[in-house]
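> Dropping the structure in here first, questions after.
Structure follows, in structure tokens:
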């Protein structure tokens, strides 16, 4: 095999490996988020929040490695802009999981309303599908990538419904104005996270059009 093709395939593996790491990191963060909203002990929950904080930094490091590789590598397996956009899209999911957990921590939430737990579970499910889609992208399994994208969009739609129904319920029934604001802000961060998951599917779909 010529050095040209050796470099091409080596570079391709480098980017796909980093994407896999980034997506796996998001799944781990999403699982920790689910753990956090189901833990009753405040001290134990704080430990989980610190783990999420650490993994958010891990995600930033992976994204930075992708950007550095783009600067150094001549031949890329995908459109350079698409690589940058996908890295940013995955990082956005991690950032908003972190934002949601930060708000839970700073607001000293003792008991989570059901919608928070429900959307946290949706984020985990959507993150698993993102990881699956990214893994499939390496082997150019277009129909399976598109199927995962549709599933993620369905999750985002479910999240929207839960979010708006929960807000309506909170404004109708929550008597403590401070708690109302806390729940609303956390729910907004969670719902935005599912929007970022959906955004990742749009990037994946664009990659299929541009690169394959």
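Numbering (our numbering), first residue to last: 73 to 284.
Where a beta carbon is used, it is the ideal one built from N, C-alpha and C, also for glycine.
Bear in mind the structure is a predicted one, so any value in this text is a computation, not a measurement.
1) Quick one, which of 267, 87, 111 has its alpha-carbon nearest residue 177's?
2) Report all residues from its chain with a CB closer than 6 Å to the CB of residue 158; omit the five preceding and five following residues, and keep chain order.
3) Is it buried or exposed, residue 170, if we count other Cβ atoms within 10 angstroms and call 16 or more buried?
4) Is the beta carbon of residue 231 less than 7 Å from the beta carbon of residue 194?
5) With a cut-off of 8 Å, do at least 3 Cβ pairs link the region 130 to 145 to the region 88 to 99?
6) Straight-line CA distance for residue 165 to residue 268?
7) Drop a sphere of 10 angstroms on the beta-carbon of residue 105, count the other beta-carbons inside from all chains shown, and report buried for 16 or more, exposed for fewer.
8) Counting only runs that start and end within the region 153 to 189, where is the alpha helix (DSSP H) found for 4 or more residues in a row?
9) Do the region 236 to 253 and the region 181 to 192 touch if we need at least three Cβ pairs shorter than 8 Å?
10) Using alpha carbons as the reference points, say which of 107, 218, 85, 181 lies closest to residue 258.
11) If we call anything under 7 Å between Cβ atoms a contact, is residue 208 one with residue 102?
12) Between which two residues does the alpha helix (DSSP H) carrying residue 225 extend?
13) Please state whether the Cβ-Cβ distance between residue 161 and residue 271 is less than 7 Å.
14) Entirely within the region 93 to 147 and at least 4 residues each: give me those alpha helix (DSSP H) ranges in chain order.
15) Under 8 Å by Cβ, that's how I've got residue 273 and residue 213 pegged, so tell me the actual separation to the nearest angstrom.
16) Can you round the beta-carbon distance between residue 242 and residue 222 to whole angstroms, since I take them to be within the 8 Å contact cut?
17) Relative to the alpha-carbon of residue 122, which residue among 173, 246, 146 has its alpha-carbon at the smallest distance?
18) Please go through the same chain and pick out, in chain order, the residues whose beta-carbon is closer than 6 Å to the beta-carbon of residue 88, but skip the five residues on each side of it.
19) With a cut-off of 8 Å on the beta carbons, I'd call residue 192 and residue 109 a contact; round off their distance for me.
20) Is it the case that the Cβ atoms of residue 205 and residue 220 are separated by a distance below 7 Å?
If we stick to the structure as given:
1) Mapped onto the chain shown, residue 177 falls at position 105. Comparing Cα-Cα distances from residue 177 to each of 267, 87, 111, the minimum goes to 111.
2) By 1-based counting over the chain shown, the position of residue 158 is 86. Closer than 6 Å at Cβ, skipping near neighbours: 275.
3) For the purposes of this step, residue 170 is taken as the residue at position 98 of the chain shown. It counts as buried.
4) The residue you call residue 231 lines up with position 159 of the chain shown. The residue you call residue 194 lines up with position 122 of the chain shown. A contact, by the Cβ cut-off of 7 Å.
5) yes
6) Your numbering for residue 165 matches position 93 in the chain shown. Your numbering for residue 268 matches position 196 in the chain shown. About 5 Å.
7) Here residue 105 refers to the residue found at position 33 of the chain shown. Answer is buried; the Cβ neighbour count reaches 16.
8) none
9) yes
10) As a first step, residue 258 is located in the chain shown; it is residue number 186 there, counting from the start. Of 107, 218, 85, 181, the residue nearest in Cα terms is 181.
11) Locating residue 208 in the chain shown gives position 136, counting from the first residue. Locating residue 102 in the chain shown gives position 30, counting from the first residue. No, they are not a contact pair.
12) Start at 1 with the first residue of the chain shown, and residue 225 comes out as number 153. 214 to 245 is the extent of the alpha helix (DSSP H) around residue 225.
13) Against the chain shown, residue 161 aligns to sequence position 89. Against the chain shown, residue 271 aligns to sequence position 199. It is a contact, given that the beta carbons lie within the stated cut-off.
14) 114 to 144
15) Numbered from its first residue, the chain shown carries residue 273 at position 201. Numbered from its first residue, the chain shown carries residue 213 at position 141. Residue 273 to residue 213, Cβ: 15 Å. No contact.
16) Stepping through the chain shown from its first residue, residue 242 is reached at position 170. Stepping through the chain shown from its first residue, residue 222 is reached at position 150. Actually they do not touch by this definition, with Cβ atoms about 31 Å apart.
17) By one-based count along the chain shown, residue 122 stands at place 50. Checked all of 173, 246, 146; the closest Cα to residue 122 is 173.
18) Mapped onto the chain shown, residue 88 falls at position 16. Excluding residues within five positions, the ones whose Cβ falls inside 6 Å are 210.
19) By 1-based counting over the chain shown, the position of residue 192 is 120. By 1-based counting over the chain shown, the position of residue 109 is 37. About 5 Å; that satisfies the 8 Å criterion.
20) Position 133 of the chain shown, counted from the first residue, corresponds to residue 205. Position 148 of the chain shown, counted from the first residue, corresponds to residue 220. In contact: residue 205 and residue 220 (Cβ atoms closer than 7 Å).
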